[in-house]
Each structure stands twice: as C-alpha cells, then as structure tokens.
Amino acid sequence: MTTTVAQAGNTGQMRRRPVAGRKLVDRLVKVSSWIAAWFGIFVMGFLVYEVIKRGIVAINWDFFTQPTPQDATMTSGGGMANAIVGTLVITLCAALMAIPTGFLGGVYLAEFGRNGRVATMVRMVANVIMGVPSIVVGVFAFGIIVKPVQHYSGFAGSVALAFIMLPVMARTTEDILNLVPNELRESGLAMGAPRWKVTLGVICRAARGGLITGATLAIVRVAGETAPLLFTALSSPYWMTGLFGPGGFFGGPVANLTKTMFDFSGSPYSYWVQLAWGGALVIIVAVLGMNILVRLLFQRGKEW
Amino acid sequence: MVGTTVTDQTSQQQTPTVVPPRLEVSEERRAGGDEDFESLPSQISVHNLDFFYGKEQALFANTIEIKKNRVTAVIGPSGCGKSTHIRTYNRIFNLYRDQKARGEIMMDGENILSSQTDLLELRRKVGMIFQKPSPFPMTVFDNVAYGLRQHYKLKRGELSDRVEHALKRSAIWDEVKHKLNEPGNALSGGQQQRLCIARAIASEPEVLLMDEPSSAIDPVATAKIEELVLELKSNYTIVIVTHNMQQAARVSDYTAFFFEGYIVEFGPTTQIFSNPVQKQTEEYITGRFG
C-alpha cells in the first residue's frame, strides 16, 4: 500500500494479528457457555425428575384429605392435608401483612423518596434484609413473638415469612415502577391530577402486570421456606383448630409442609419418607406452576 | 405591528455556570404584519425568566408575550431551552426536585411561579401535549374523561357528551367512535397523539402547550395535527415547540427563536422567516447550523 498520510508518526502500515487464535477463543467461549447453560437445565431437570419419580407414589386422595400419620406402623392412609392447609394459611397471612406494606414502601421509594436521604437508607436496609439468612429471621420472630407469649404459633411463622417478603416486595415494586416512563407521570400531572391519583390511577395501573407478578413471586418465594418456621410455627401432627387455643393459628404450633417434610424425611419409617417426597412434589409443582402461570399471564406486562 | 427582540440584558449578575453567548442587544423594531401586536391581549407574560437544572442555568432572562388565541412557535437547535421554557408554563418541572425557575410568568394577573399558585388549577388552565404520545393505561373514553372527572362534577350523560365533543374537535371521533371501550394504547401513534389532544382540551383549558407534538409520528398524522392546531387556535392559546421549521412557518402567528437559553428573537412568524433581525436567527432558519 502506498499511503501518503503526512500526519504525525505512527500511521504507516499495520502488522496483522493472526486470526486463528481469536477464532479458537471465540469457539471456546461459545462452547463453554453452552455447556454451562445446559448443565443448569440438566440439574433442574434431574431434580424435578427425581422428585416426581419418588413423590408420585405418595400422591393419592388420602394425601390431600388425611392428616399426617401419628402411628409409625402405618403403611397406608394418612396424608399431608393438615400440613398443606397450614402452609396455605401461614403463607396467606404473611402475604396479607407484607404485600400491602411492601407495595406502599416500594411506591415511596420510586415515586416520593427517590434519591433522598431517607429513601437511600430504606433501600439499603431492604437490600441488607434480603441478604439475611432465613434462619436468622426465624430466630428474630422467635425472639419477638414466641418468647414473650411462651408458645409457638402459626402466626409467629407468618411474621417470620412476612419479614422476608417485605423487602422483596418493596424493591420489586420500586424496580417495576421505575420502568414506567416519566412521560406518563408528567402527562398525568399535566392534567391537573394530584400526585397520589397519578401514582395509583395511572402509574401503578400501567405497571399492574409487573406488580401482580412481583407479588406472586414474593409469595412463591417464601412458600417453600423451612428455616423461619423451625422456631416459630414449628409443626404439628394435628389439624389447625381455628384461631385461638392450643391448636389454633395464634395459640400453638401449626402443621406445615416444609417442616413436616424435614421431620419425615429424617425418620426411619419408609412410609413417612415417601410422604415427605410427596410433599416435595406438591411444593415444586405449586411453585413452578405459579411461576410459569404469572409469567405467561403478564409477559406482555409492558402495555404502557 | 411590533416585533420584539429580546436578548441577554440582566442575567450577568446571576453567576451562571454556562457562559452565555455574546449577543448584540438590538432595539425594538417595527416589522411588517397585519395586526397590532401591542393591542392584542396577552395570555402569558414572561419577564426575566431564569431556569436552573441543579446548579446549571438553562434559561437566561427570557422575556416574551404569548398572545391570546394565537399560535406561538418556539424554535431553536437541540438543547437550547425550548422545552425547558414551555415546561415552566404549567410548572410540570416541579416533578423534579433539582429544577428551579426564577422570574415572572404572569397569567390572569398572577405570577404562576409563586409558591401560592394552586398547581392543580394552573394545570386545568394550561394543558400539555408531549413529544411521545402518552395515553393512560385505560380505555379511550376514560382517557378523555380523566381531566373532566378530575375538575368537574358531571352527570353521566354530560360526561359522555363532552368526551364526544373533545374527540370530534381533535378530529379523531370517526376513527374511535366504535372503540371507546378499547384501551387507548391500542390506537396507532398518530391517533394516540390526537387522543392526548382530546384529553387535554376536554377539560377546557385556556392554553395548550405542545412539546414537539409531531416528532414521534408519521407525516400524514403530522399534517392532521397541524390542521388541528390551526383549527384549535380560535378557542385556545397555543404554544408549540418544534424542530421542524416548515411546521413553525405553517402553523404559527409568532415565532420565538431560542439559542443557548436566550430568546434571541421574537416576532411575527412572517418576519422571522423572511427578514430576521439577528444573524443567528437567519443562520438557523436557512439551515446553516442547528
């Protein structure tokens, strides 16, 4: 090449770098990321396969209608019904406490606090709480609820779960509201509507798909927790008997799926172990099912 | 007919972090035109308006008269403060904590920059159309009814009459009359923008601010919006920011040329486009920069 560039210094002919090496690296990265991705999917598939294989034999009518067996000699009959009901009640109560509070907290962070000092602090605290091991949360709930009243209770379990959900819900809400473009906020305010009306009627409405998905995922996340229930709801071989009194939601230990699975899987009785696998199957199907369902329903969540 | 030319006069003592360009201060001068600028009633009188994004000053001593029932176009290169300027008229900038305006914007005998101004009432009087069509996530009907419900107590029949009227005035009724219960964002971009205009005019404002209303939509839809602007000016005072100089020439009665936060020149559109006083204005409208 006869370039006649008269500019300063190093503008002569450039020495080529070999291509082969770069091609090899390119291929290596592609293949290794492909392997890593499929390994993840394989592990997931393997897990689901094992749980289905071992759990499916435990699934029958009794499983969903009978309480956990109290007699170790039983090899049939008995189920997980009391634990399933307990888990539903505990999780639902936790959701009732954490979802509205978390939602409003998220609204504050995204719409009002923004980058203010208070919001920055709240956001940091929420992030820290999300990283706290769940068993620590269980001990915390034990300290503030179980210890003072001197007995375990389903409610204490709900408080522990709510404590885990709260920051998740707040941060999710904030992230989702931040996705709503500012033009929509300005358009709402430009109509002469007050801020709260624009926030709830326009912004949250635009983001409703994402908000519902976020709330559902927050619930699903805690539904499978075990550690926070160890010191709080404990477990029970009986049905929950209403709200108060020794067998009630506020009055005593409440059966739940995860703690029951924990107990049964470690027991020497093969029928109990089988029931534990059945419980695992139910949880996995419920959690996966909810995940897939909300994602399918609200995939088009960006309607604004 | 008077065209006023406003340049930097008083802002030097504000210690701006942006070094303002040196512009010649020209005398007020008479210009050709067919109406008497001075005797036309003003809807908005802006005097020495400064604007700050945090510590950075974006507008310098803006002074301008927005005449009632006229279309005023705001032109200038990107980042010259056009949008910033009209966003003070409804104080929408108040959404952001670090944005501050100083000076005087008189409307109906009040300085709307005063802390006593009722923003909800101000925004009822001053509607705004944004660059990007932004229908609310609700039906076409509810979109248009939003401001009506906000500001007036109406019986159901009257509400739907007014919604229909606003949609007709915005030249979109025929396209949406069978879609009133469908979501507003299911409409095309051009239709959405006219829906936003219907939403803004439904609650009967006095002023319509349009911030590049046709920059995100196609030429056919743009033509419709321009027709609409001409049609609406008999009832509303319109301030339109535009990047498109042909558009400014087509729709406006008065034009203000902004440059680096200053109103370099303001006058009748015919004069600005045929015989501008300032060299910068001439260079901009002839496409030599910007």
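Chain order of the listed sequences is G and F. Counting in the working numbering, the final residue of the first sequence is number 310, and the numbers go up one at a time with none missing. Counting in the working numbering, the final residue of the second sequence is number 301, and the numbers go up one at a time with none missing. Backbone N, C-alpha and C fix where the C-beta goes; we use that ideal spot for every residue, glycine too.
For a cut-off of 8 Å, the C-beta gap from glycine 112 of chain G to methionine 175 of chain G is around 7 Å, short enough to register as a contact. For lysine 66 of chain F, no CB of chain G lies under 9 Å from its own CB, so it is not counted at the interface with that chain.
Secondary structure in the region 215 to 269 of chain G: no beta strand (DSSP E) run of 3 residues or longer lies completely within the stretch. Look at serine 38 of chain G here: in three-state DSSP terms it is helix. The beta carbon of valine 293 of chain G is closer than 8 Å to those of Val226, Ala229, Gly230 in its chain, skipping five residues each way along the sequence. Within the region 120 to 137 of chain F, those residues whose Cβ lies closer than 9 Å to any Cβ of chain G are, in chain order, Leu130, Leu131, Glu132, Leu133, Arg134, Arg135, Lys136, Val137.
The bridge partners DSSP lists for alanine 267 of chain F are F:Val85, F:Phe277.
Listed along the chain, the chain G residues whose CB falls inside 9 Å of the CB of glycine 158 of chain F are Met197, Gly198, Ala199.
Less than 9 Å separates the beta-carbon of alanine 69 of chain F from that of threonine 95 of chain F. The beta carbon of phenylalanine 141 of chain F sits closer than 9 Å to some beta carbon of chain G. For leucine 60 of chain F, the uninterrupted beta strand (DSSP E) run begins and ends at 53 to 64, by DSSP. Per the coordinates, the alpha-carbon of phenylalanine 256 of chain G lies some 50 Å from the alpha-carbon of leucine 165 of chain F.
Across the structure, alanine 112 of chain F and phenylalanine 104 of chain F are spaced so that their CA atoms are roughly 9 Å apart. With respect to the C-alpha of alanine 125 of chain G, the residue from G:Asn133, G:Val134, G:Leu115, G:Val95 having the closest C-alpha is G:Leu115. Scanning its chain for C-beta atoms nearer than 7 Å, with the 5 sequence neighbours on each side dropped, one finds around histidine 254 of chain F the residues Glu223, Ser226, in chain order. Identification of chain G residues near methionine 149 of chain F by a Cβ-Cβ cut-off of 9 Å yields Gly207, Val208, Arg211, ordered along the chain. The three-state secondary structure of glutamate 117 of chain G, taken from DSSP, is helix. Look at the region 216 to 248 of chain F: it has no residue with a C-beta under 7 Å from a C-beta of chain G. The Cβ atoms of alanine 162 of chain G and threonine 238 of chain G lie closer than 9 Å to each other. Glycine 85 of chain G and aspartate 32 of chain G have their C-alpha atoms some 54 Å from each other.
Straight through space, the alpha carbons of glycine 65 of chain F and glycine 195 of chain F are spaced by roughly 36 Å. Residues of chain F whose Cβ lies closer than 8 Å to the Cβ of arginine 191 of chain G are, in chain order, Leu106.
Considering only beta carbons, the part of the region 85 to 105 of chain F lying closer than 7 Å to chain G consists of Asn101, Ile103, in chain order. At least one CB atom of chain G sits nearer than 9 Å to the CB of histidine 162 of chain F.
In the three-state DSSP reduction, methionine 117 of chain F falls in the strand class (E or B).
Cβ proximity to chain G below 8 Å picks out Pro194, Asn196, Cys207, Arg210, Ala211 from the region 191 to 213 of chain F. Remark: fewer than three beta-carbon pairs, one from each stretch, lie closer than 8 Å, so the region 120 to 127 of chain F and the region 198 to 209 of chain F are not flagged as touching. Bounds of any alpha helix (DSSP H) do not take in valine 218 of chain F; it lies within the beta strand (DSSP E) bounded by 218 to 222.
Two segments are said to touch when three or more pairs of C-beta atoms, one from each, lie closer than 8 Å; by this definition the region 188 to 203 of chain G does not touch the region 88 to 96 of chain G.
In this structure, the CA atom of serine 171 of chain F is about 46 Å from the CA atom of serine 285 of chain F. Excluding its 5 nearest sequence neighbours in each direction, valine 240 of chain F has C-beta neighbours in its own chain below 7 Å: Val82, Ile249, Ile251, Val262, listed in chain order.
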